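Have a look at the structure below before the remarks.
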Amino acid sequence: MRIEKEKELMNILKLLAPGTQMREGLENVLRAKTGGLIVLNDSEQILKLVDGGFAINAEYNPNYIYELAKMDGAIVLSTDLKKILFANAQLNPDHATPTFETGTRHRTADRVAKQTGAIVIAISQRRHVITVYKNNIKYLLRDSSIILGRANQAVQTLEKYVSVLEKVVVNLDVLEFQDLVTLYDVVTAVQRTEMVMRVVWEVERYVCELGNEGRLISMQLHELVENVERDGILMLRDYIQEGTDYAEIYKHLQTITLEELLKLDNVARIMGYGGVPLVDTLVSPRGYRMLSRIPRIPASVIENIVKNFKELKWVTEASYEELDNVEGIGEARAKAIKNGLRRLREQMTIDKII
6 MRIEKEKELM NILKLLAPGT QMREGLENVL RAKTGGLIVL NDSEQILKLV DGGFAINAEY
66 NPNYIYELAK MDGAIVLSTD LKKILFANAQ LNPDHATPTF ETGTRHRTAD RVAKQTGAIV
126 IAISQRRHVI TVYKNNIKYL LRDSSIILGR ANQAVQTLEK YVSVLEKVVV NLDVLEFQDL
186 VTLYDVVTAV QRTEMVMRVV WEVERYVCEL GNEGRLISMQ LHELVENVER DGILMLRDYI
246 QEGTDYAEIY KHLQTITLEE LLKLDNVARI MGYGGVPLVD TLVSPRGYRM LSRIPRIPAS
306 VIENIVKNFK ELKWVTEASY EELDNVEGIG EARAKAIKNG LRRLREQMTI DKII
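Residue numbers (this note's numbering): 6 to 359.
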């Protein structure tokens, strides 16, 4: 459920990652120091901007890209990256399209990307860098050794963030069963979850950019944060104000700046608790997060439980008969829920002591 702009960038990086034929062609042009302008799209919008050049219509090959880039014009590939369609072509985007780029090649790439939504790559002859454009995205592809170093640093930061989050969540778990949760406890957990997810996105971006060289980083990442996002969303569902949309709130949290995220009052306001004292306000969870930890309880059944009991404390106090009356719960499942919640409570008390 991370926002689309981030996913769009990830998809671009996967296409151009080390180990792909596309990246090999770009590296060939970079090493040759010829520069280049490459469009990865053959839509009608793009073809209308193409003027002159040569129709190639050949299968894509990294060596062909290297040879064709020796000519000054743009290279146009098919959208599936399987064919080279044009070389030495002139691109004529609308000059009214705003751009802050300076070089002719980069200005053209930026304008074409904004005007058509295509992926356009500019390879600088002088600065020796590869720049990728799509819509309003601009991204510089860097050497794998630099990315690997940054990825390792990001993983170390993530480990520290996850450690802090785990302590906050263990505290929240214990307080939920005691029904002593304050808004401060909830908002802190939501804030720390979003901070972890922002570092996760950084690492995922590095993994995409590293391609086949990022496997070990990817394994570390999976081990560290396997269920963090899911639990964070369930936390929002437990505590946001009645009648608000948790998906919209989650998206809103992703769009605020780090400075805004660090202020707990801002997070509380986004969750629907504007102007409320955080430490003095007691709140009760609905139970989504705790119930999801009990094995073999379907999401539809959890929805029915929350709809019937409203708060986790009423679920924990419910008798077998009261649980059995909920749609989708029979005698066996009622026992599983009661026993599961009891085990969770005992485990969380032990975790708190440890």
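Note that CB positions come from ideal geometry on N, CA and C, so glycine has one too.
For clarity, every value in this text was computed on a predicted model and none was experimentally measured.
Close CB contacts of I8 within its chain, under the 8 Å cut and outside five residues either way in sequence, are with K256, Q259, T260 (chain order). When C-beta atoms of the stretch 135–145 are compared with those of the stretch 190–209, fewer than three pairs fall below 8 Å, so the two segments do not count as touching.
If you draw a straight line from the Cα of L215 to the Cα of L18, it is about 9 Å long. Taking all protein chains shown into account, K119 has 16 or more neighbouring C-beta atoms within 10 Å of its C-beta and is therefore buried.
Counting other Cβ atoms within 10 Å of its Cβ, V212 reaches 16 or more and is therefore classed as buried. The stretch 33–49 and the stretch 165–176 do not touch, with fewer than three beta-carbon pairs separated by less than 8 Å.
Contact annotation: M76 and A92 have beta-carbon atoms nearer than 8 Å. Between Q225 and V175, the beta carbon gap of about 22 Å keeps them out of contact (Cβ cut-off 8 Å). Rounded to whole angstroms, the gap between the alpha carbons of L239 and Y293 is 6 Å. Taking a contact to require three or more Cβ pairs closer than 8 Å, the stretch 230–248 and the stretch 260–273 do not qualify as touching. Under the three-pair Cβ rule at 8 Å, the stretch 12–27 does not count as touching the stretch 102–121. Inter-residue distance for T162 and A156 is about 10 Å (C-alpha atoms, whole angstroms).
In the DSSP annotation of this structure, the continuous segment of the beta strand (DSSP E) that includes Q95 starts and ends at 88–96.
The way I'd put it, the stretch 265–283 doesn't touch the stretch 301–316; fewer than three beta-carbon pairs between them come closer than 8 Å. Here the C-alpha atom of T321 lies approximately 22 Å from the C-alpha atom of Q246. In the three-state reduction of the DSSP assignment, L283 falls in the coil class.
Leaving aside the five residues that flank T104 on each side, the residues in its chain whose CB is nearer than 6 Å to its CB run, in chain order, R112, D115, R116.
Around the beta carbon of P98, a 10 Å sphere encloses 16 or more other beta carbons of the protein chains shown; the residue is thus reported as buried. Rounded to whole angstroms, the gap between the alpha carbons of I334 and M295 is 17 Å. Secondary structure within the stretch 213–254: not one fully enclosed beta strand (DSSP E) run of 3 or more consecutive residues is present.
DSSP, read as helix, strand or coil, puts D56 in strand.
Beyond the five residues adjoining it in sequence on each side, R242 comes within less than 6 Å, by CB distance, of Y251, Y293 in the same chain, given in chain order. The beta carbon of I310 sits closer than 8 Å to those of G292, L296, V320, L328, V331, I334, I342, all from its chain and outside the five residues before and after it, given in chain order. Rounded to the nearest angstrom, the gap between the Cα atoms of Q352 and D184 is 17 Å. Straight-line measurement puts the Cα of E32 at about 26 Å from the Cα of L54. Sequence-distant Cβ neighbours of E29 in its own chain, meaning closer than 6 Å and more than five residues away, are P67.
Where A127 is concerned, the enclosing beta strand (DSSP E) starts and stops at 125–128. Of the residues L346, P282, Q130, E336, the one whose Cα lies closest to the Cα of R298 is L346. For K172, the enclosing alpha helix (DSSP H) stretches over residues 149–183. Per DSSP, Y69 has no beta-bridge partner at all. Note that the C-beta distance between A101 and V44 is not below 8 Å.
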